[in-house]
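Which chain is which? The protein sequence lines are V and R, in order. In terms of the numbering used here, the numbers along the first sequence are unbroken and rise by one, the last being 343. In terms of the numbering used here, the numbers along the second sequence are unbroken and rise by one, the last being 990.
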Amino acid sequence: MKFKTFAAFVGPSVFMMLLFIAAPLVSVFIQSFQVTQPILEQVEVETCTPGFLTQTCTTEIKTVPILDENGKMITETQWVGLQSYRNVLQMDKFWAAVGNGSWNQIMQIDFWKALRFTLSFTLLTLPLVIGVGLAIALAVNNATRSIRGPIIFISLLPFIITPVIGSLSIYWLFVGDGILTTMMERWTGTNISMFAQAWTIELLMYFYRVWHVAPFAFVIFYAGLQTVNMDTLESAVIDGASRWERLRHVIVPHLMPLIIFIALIHLMDCYRVFDEIVGFRSQAHVISLQWLTFDFMTPDDAGNRAMSRASASSMLTMIGIVILLILPLRRTWRDHKGSAH
Amino acid sequence: MFLKKIALAGAVSLLGSAALACSYQNEVPVKSLSAGFEAWKAVTDAMAECGNFQAELDQEFRTKQPAAFEANPSLYQIGGVSNGTITPLLNAGTIRPLDDLVEKYGANLKPNQLIRINGQIMAVAMMVNTQHLMYRSDVLADLGIETPTTWDEVYAAAAKIKEAGVMEYPLGATMKSGWNLAQEFVNMHPGHGGKFFNDDNTTAVNSDAGLASLETMQAALEFTDPEVLVSDSTYVQQQFQQGKIAMANLWASRAGAMNDEAESQVVGKVAMAAAPKAVADGAPATTLWWDGIVIAKNISDEEADAAFRLAMEGLDAETVQGANDAAIWLVDGYQPTDIAEGAIATATANPAPPAYPSTTQMGLLHTALGNELPAFLTGERDAAATLTAIEEAYTTSAKEAGVLK
């Protein structure tokens, strides 16, 4: 392809990536080392608010921002180095807890609590998604042609549902008076509260994510299965290989690049887990790194946002994703170089 | 059949609006942004009758309002605020003093409604709101329980109801982690005689009153649904409506829903009393809130004039009489009914509960409370460690916000 044609095709997408991904990233990176504060003063303010019949007036010293002549808040931005990262990571508390050998104390620090959940969520759902996806693909591949269409359609359904709606429906099904909880209570005769302790919430989250993402893995694997070399499979049958041996030595090696691809996508997606936290209202028990960033950014009633900590926390999330992706990426790179020979 | 019903409903509502028509025709386009509960719906509907008015009722208004009002020209002329959410608008100076407008159009306003800050009228209140005790009068009467006035009595009553086997979890609580749970502490802490801040803006919650508040909150867990850390006001309201709980300290603005025959199975059985006290001789353990309107600063004087005139049309006696039970109105023409008793008893108690403090620090502390309290209630951390954690979390964010050096 001529370079000009290549540039014409790639140009718009590169421009969009620079504008919407690279530029915000640079800005967040810079902000994570800065703190922007309004300049405050202390003034005596008399406030009169209604009671039911009469007003109560109170005079108190309030801390309020100074406004310039245009009525804008005067702010100043300072470079604070790694202070925001220190505030998020709270290493002093972390090491103190490690010194005490207390896992419970480490789990009291928001960042580490979120990291623990995010990592176990990502790493536990990964093999499940690949396993379940492969199982469905194999089942569909071996089903008679006439029912394949409907099976494919049904197995794809969970993937179509919007993630937030999906997690909300799971919440509504399993909350105190939800249909499924009521049913289980009737069977077992005991009172079941799925959202009263961390481990049941986490179980539901794993279940939901696998249910939601497995169809994606299935579609990819199913496409891959259509390209398995039939000659190799037949010779394996003649050599007396069992179904399991054929799977392990012929099919899985053939699908390996696809497995890596799905692992990559899944690691990236899962490390940013957020919908489940909000949908399940699990903040009291389980939080994720992405939720932590969101929480820093949400303004409170007085309009305060912790932008610097939010920036630091999102940079840390990105570093986490990069570290997770190094292994599978290295493997793809090696395969890529190998095939070039 | 269905179409016929819709046509009929349409006709009726047309008739209705014709009957309630506005006293003048509004010519200037006006928009408002407010919370979405029943009282706001009544007020904005009344304003819409004058024409050229667009209302946005959004429970997420608090995150949108500061930025929308800071735009020039402001995206909305009228804002619906409460004493909690007016703070960022006051701080940024994006709302205008209303003294001249009140003089021009506010003849029917009561002095009680005018929110004065340093003498200037910055907002016009329309209703008060507070959390107070709602209880099933039939259940309590059956068991011969007096209306509880302190939290100890509430727990004693709950124990009796549980023992009698009437309900497994007799108590409801708005303890959803985050804002709701923090608000429970904000109610309890002054009730135990605590204050939130020292003079130098550091927080004072790490105190004996703080410990006592946590203890009182924890005692509730014995009588509440195990999933109480996900339960917000709407959930508690539904638990009441479905007859699952007998008592809760719930918002007065939710009282009307108890007698909504379309939703509630306990119509006429829920009574309201003053918020329970934390200590016998103290104030009811709750905070007083008001809801009202503000007018944006970054708009022309003509627009402000039109917006305020329209708002006064929305806040007139006619609106209030049409939605009498939707709120504890401050507007003339309001007739307090049974369901207002609790809120009025709370607001007029002696000593009276404090108003929710509208300060920058309170916003920061509220967030810190909402994030750190759950670990205490799930039993992962003890009370003393939790108070220390709250103090540290507040200090970190106060330093970032520049409130503390």
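C-beta atoms are modelled at their ideal positions from N, C-alpha and C, and glycine is treated no differently.
Asked: Burial state of V:Trp174, where buried means 16 or more other Cβ atoms lie within 10 Å; Found: exposed
Asked: Cβ of R:Arg839 within 7 Å of any chain V Cβ; Found: no
Asked: R:Leu915: contacting residues in chain V (beta-carbon distance under 9 Å); Found: Pro52, Phe54
Asked: Below-7 Å beta-carbon distance, R:Asp810 vs any chain V residue; Found: yes
Asked: Residue environment, V:Ile181, which counts as buried when at least 16 other CB atoms sit within 10 Å; Found: exposed
Asked: Partner residues on chain R for V:Ser310, Cβ-Cβ distance less than 7 Å; Found: Glu985
Asked: Beta-bridge partners of V:Ile138, as assigned by DSSP; Found: Paired residues: none, contrary to the question.
Asked: CB contact check: R:Val666 to chain V, cutoff 7 Å; Found: no
Asked: Beta carbon proximity, R:Leu949 to chain V, threshold 7 Å; Found: yes
Asked: Completely contained beta strand (DSSP E) runs for the stretch 186 to 255 of chain V, where each covers 3 or more residues; Found: none
Asked: Closer than 7 Å to chain V by CB, R:Ser762; Found: yes
Asked: Interface residues of the stretch 82 to 103 of chain V facing chain R [CB-CB below 7 Å]; Found: Asn89
Asked: Nonlocal neighbours in the same chain, by C-beta distance under 6 Å from R:His777, ignoring five residues either side; Found: Ala794, Ala797, Ser798, Ala863
Asked: Backbone CA spacing between V:Arg332 and V:Met207 [nearest angstrom]; Found: 30 Å
Asked: 8 Å contact criterion, which V:Gln110 and R:Glu965 should meet: CB distance rounded; Found: 7 Å
Asked: N-terminal and C-terminal residue of the beta strand (DSSP E) that R:Ala835 is part of; Found: Inspection of the sequence shows that residue 835 of chain R is occupied by Leu rather than by Ala. Where R:Leu835 is concerned, the enclosing beta strand (DSSP E) stretches over 832 to 836.
Asked: Neighbour flag for V:Asn72 against chain R, beta carbons, 7 Å; Found: no
Asked: Distance between beta carbons of R:Thr672 and R:Ser838, contact taken as under 8 Å; Found: R:Ser838 to R:Thr672, Cβ: 20 Å. No contact.
Asked: Separation of R:Val687 from V:Glu46, as counted between CA atoms; Found: 25 Å
Asked: Nearest-angstrom Cα separation, counted from V:Pro40 out to R:Leu972; Found: 28 Å
Asked: R:Gly664, DSSP secondary structure in three states; Found: strand
Asked: Own chain partners of V:Ile323 with C-beta closer than 7 Å, once the 5 adjacent residues on each side are dropped; Found: Met270, Tyr273
Asked: C-beta neighbour in chain R for V:Ile323, strict 7 Å; Found: no
Asked: Residue from R:Ala911, R:Asp810, R:Val905 whose Cα sits closest to the Cα of R:Ala743; Found: R:Asp810
Asked: Own chain, CB closer than 6 Å to R:Leu989, minus 5 neighbours either side, in chain order; Found: Asn786, Ala983
Asked: From V:Phe218, V:Phe5, V:Leu128, residue whose alpha carbon lies closest to that of V:Leu327; Found: V:Leu128
Asked: C-beta neighbour in chain R for V:Lys64, strict 7 Å; Found: yes
Asked: CA-to-CA distance, V:Lys339 to V:Val280, given in whole angstroms; Found: 43 Å
Asked: Inter-residue Cα distance where the pair is V:Glu48 and R:Glu645; Found: 29 Å
Asked: Cβ contact check for the stretch 283 to 295 of chain V and the stretch 811 to 818 of chain R: 3 or more pairs under 8 Å; Found: yes
Asked: Host beta strand (DSSP E) of R:Leu873 (start-end); Found: 873 to 880
Asked: Classification of V:Phe155 by the beta-carbon crowding that lies within 10 angstroms, buried from 16 upward; Found: exposed
Asked: Helix, strand or coil at V:Arg283 [DSSP, three-state]; Found: coil
Asked: Proximity test, Cβ basis, 7 Å: V:Pro301 and chain R; Found: yes
Asked: Nearest-angstrom Cα separation, counted from R:Leu718 out to R:Ile929; Found: 12 Å
Asked: Neighbour flag for R:Ile929 against chain V, beta carbons, 7 Å; Found: yes
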